[in-house]
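Below: the structure, in structure tokens.
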Amino acid sequence: MAIMTLLRAAGLAGLAFAATLDAAAPVFAQSATAQVAQAATAQAATMRPALRRDVTVSGEVITLGDLIENVGPVGVTAAFRAPALGRAGTIQASRIVEAARAAGVVVDAGSLAQVVVSRASRRVGKSEIESAIALALTERYGLDRPDVTIGLEGGEQALHIEPEATGALRIAELAYDPRSRRVDALITAMGSRSLTLKPLRVIGQTVEMVSVPILQRPVARGEAVTAADVVVERRPRADYPTGGFVDPAALVGRIAKAPIGAGAALRDADVIKQEIVDKNGFVTVLYETPGVQLAMRGKAMEAGGMGDSILVQNPQSKRTLQAVVTGAGVVKVIMAMPGRMADAGSAPAIR
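So the sequence shown is residues -18 to -1, 1 to 333, counted in mature numbering (1 follows the signal peptide of the UniProt record, and there is no 0).
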């Protein structure tokens, strides 16, 4: 009896739960339908044609698809002419809306008044053009790495060509007048349609350059120049002082006759060799012949620095000969002795 009562109670509870589900079903269905509708509305809003604020194009024309998002198949329709390579411009929003309407597309500009359009390009600076001309002058006219200065139309600092034209510049034509140093060149570039149709003509001037050793730091009077003090720079030959050094190694060990500022191109008159042999001072004279080395005492007839050729004298015989300064108080005479091996008695006398 108790079991039957429990079963009836459970059955009644199940009926009540089922009734509750049936009553709630319309509510759930309505909620799901509303969510789907909202999602569809949001998606439709995102797919609605809308103007872009900023665009970059690579071609010569601007299409509706460049200017308008979600424009559909008519996006390939040419609408406006693109700016010049490397340039930017603006298009009024009203003109874009009108062009879209003519193609059967309705677009709302909203609060946007204009669209900024930029044309992609490869920027070729003046320095790149000048380097190409300088290389051509070296190859065709034998100039020693000249410095070239050019002027571009309108005072521009760069040339803009198609971004896909990544090849080196080519000097199609080149004329050079050595007397006036005037350069006339015609420039093209591999893959550039614009330069193929209309090569760039540039007029310039060459400046003959020379490698000059320059002091990197100030040097005081009486101070020796070291290898770390010198750097080589390319400078206009016209500015290079007469008698200046060409080989930086020639500066090392030289003594400043007066204070010299950093960045100075040195002249012979600015420095002197460091004298390591004194005039009338006694020196060790070394003789070298194949297989024999001799040393004797001599007198320097003149002062000298490292590597200088000076006269030395035998104090007893008063005879002299040329020797090369090889160290402080040391000179060397190198004698080649043909025939038999020289012995100590065959060393040349100082006369």
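Built from N, CA and C at the ideal position, the CB exists for glycine as well.
Segments assigned beta strand (DSSP E), at least 3 residues, entirely inside the region 181 to 216: Secondary structure within the region 181 to 216: the beta strand (DSSP E) runs of 3 or more consecutive residues, fully enclosed, are 182 to 189 and 191 to 197 (chain order).
For Leu117, the first and last residue of its enclosing alpha helix (DSSP H): To locate residue 117, count along the sequence shown from 1; it is residue 135. From DSSP, the alpha helix (DSSP H) with Leu117 extends over Lys108 to Tyr123.
Residues that Glu42 bridges to, as DSSP identifies them: Looking up residue 42 in the sequence shown gives position 60. Looking at the DSSP assignment, Glu42 forms no beta bridge with any residue, so it has no partner.
Test item: CB-CB of Glu144 and Arg175 under 9 Å: Taking the sequence shown and counting its residues from 1, one reaches residue 144 at position 162. Taking the sequence shown and counting its residues from 1, one reaches residue 175 at position 193. Contact flag set, yes.
Leu(-12) versus Met29 - alpha carbon distance: In the sequence shown, the residue the question calls residue -12 occupies position 7. In the sequence shown, the residue the question calls residue 29 occupies position 47. Confidence is the limiting factor: at Leu(-12) the pLDDT is only 37, short of 50, which leaves the residue's position unreliable, though a coordinate-based value still follows. Going from the Cα of Leu(-12) to the Cα of Met29 covers about 58 Å.
Per DSSP, cross-strand counterpart(s) of Thr131: Taking the sequence shown and counting its residues from 1, one reaches residue 131 at position 149. Looking at the DSSP assignment, Thr131 forms a beta bridge with Gln187.
The region 158 to 171 touching the region 110 to 123, judged by at least three CB pairs closer than 8 Å: yes
Proximity of Ala209 and Val234 at Cβ, strictly below 9 Å: The residue labelled residue 209 in the question sits at position 227 within the sequence shown. The residue labelled residue 234 in the question sits at position 252 within the sequence shown. In contact: Ala209 and Val234 (Cβ atoms closer than 9 Å).
Residues sharing a beta bridge with Tyr158, DSSP: Within the sequence shown, residue 158 is the residue found at index 176, counting from 1. Note: Tyr158 sits in a beta bridge opposite Val165.
Closest Cα partner of Ser93 within the set Ala75, Val99 and Glu215: Position 111 of the sequence shown holds residue 93. Checking every option, the nearest Cα to that of Ser93 belongs to Ala75.
Bridge-paired residues (DSSP) for Pro297: By one-based count along the sequence shown, residue 297 stands at place 315. According to DSSP, which records beta bridges pairwise, Pro297 is partnered with nothing at all.
Reference Pro272; option with closest CA among Gln256, Lys261, Asn296 and Val315: To locate residue 272, count along the sequence shown from 1; it is residue 290. If we check each option's Cα against that of Pro272, Val315 comes out closest.
Leu268 and Val312 closer than 9 Å at C-beta: As a working note, residue 268 is residue 286 in the sequence shown. As a working note, residue 312 is residue 330 in the sequence shown. For Leu268 and Val312, yes; Cβs fall inside 9 Å.
contact_flag[the region 238 to 246, the region 194 to 201] where n(CB pairs < 8 Å) is 3 or more: yes
Cβ pair count under 8 Å reaching 3, the region 259 to 266 against the region 281 to 295: yes
Beta-carbon gap between Glu190 and Pro128 smaller than 9 Å: The residue labelled residue 190 in the question sits at position 208 within the sequence shown. The residue labelled residue 128 in the question sits at position 146 within the sequence shown. The Cβ atoms of Glu190 and Pro128 sit closer than 9 Å to each other.
Check whether Ala60 and Arg101 have beta carbons under 9 Å apart: Taking the first residue of the sequence shown as position 1, residue 60 is located at position 78. Taking the first residue of the sequence shown as position 1, residue 101 is located at position 119. Contact: no.
For Asp36: DSSP bridge partner residues: One-based indexing of the sequence shown puts residue 36 at position 54. BP columns for Asp36 point to Val98.
Proximal residues to Val130 (C-beta, below 6 Å), its chain only, five neighbours per side dropped: Position 148 of the sequence shown, counting from 1, holds the residue named residue 130. Result list for Val130: Glu112, Ile115, Ala116, Gly186 and Thr188, in chain order.
Glu80, enclosing alpha helix (DSSP H) - first and last residue: Counting from one through the sequence shown, the residue named residue 80 turns up at place 98. Start and end: Ala75 to Ala84.
Boundaries (first-last residue) of the beta strand (DSSP E) holding Arg69: On the sequence shown, residue 69 is found 87 positions in, with the first residue counted as 1. Counting along the chain, Arg69 falls outside any beta strand (DSSP E), and DSSP gives it neither H nor E.
Rounded C-alpha distance that separates Val9 from Pro55: For the purposes of this step, residue 9 is taken as residue 27 along the sequence shown, with counting starting at 1. For the purposes of this step, residue 55 is taken as residue 73 along the sequence shown, with counting starting at 1. Annotation note: pLDDT 47 at Val9 (below 50); position unreliable, no value reported.
Burial state of Gly149, where buried means 16 or more other Cβ atoms lie within 10 Å: On the sequence shown, position 167 is the one that residue 149 refers to. That one is exposed.
Run of the beta strand (DSSP E) containing Leu276, from where it starts to where it stops: Position 294 of the sequence shown, counted from the start, is the residue given in the question as residue 276. Here the beta strand (DSSP E) through Leu276 covers Val274 to Ala282.
Spatial neighbours of Ala91 in its chain, beta-carbon cut-off 8 Å, leaving aside the 5 residues before and after: Translated into the one-based positions of the sequence shown, residue 91 becomes position 109. Closer than 8 Å at the Cβ level, and outside the excluded window around Ala91, lie Leu33, Ala75, Ser76, Ile78 and Val79.
Chain B within 9 Å of Leu94, Cβ atoms only: No chain B appears in this structure, which consists of one protein chain only.
One or two residues paired with Leu141 in a DSSP bridge: Within the sequence shown, the letter at position 159 stands for residue 141. For Leu141, which the question treats as bridged, DSSP gives the partners Val106.
Bounding residues of the beta strand (DSSP E) (the contiguous stretch that carries Thr266): For the purposes of this step, residue 266 is identified with residue 284 of the sequence shown, where counting begins at 1. It spans Phe264 to Thr271 - the beta strand (DSSP E) in which Thr266 sits, taken as one unbroken run.
Beta-carbon contacts of Val58 that lie in its chain and below 7 Å, excluding the five residues immediately before and after: Locating residue 58 in the sequence shown gives position 76, where the first residue counts as 1. Hits under 7 Å: Thr45 and Gly47.
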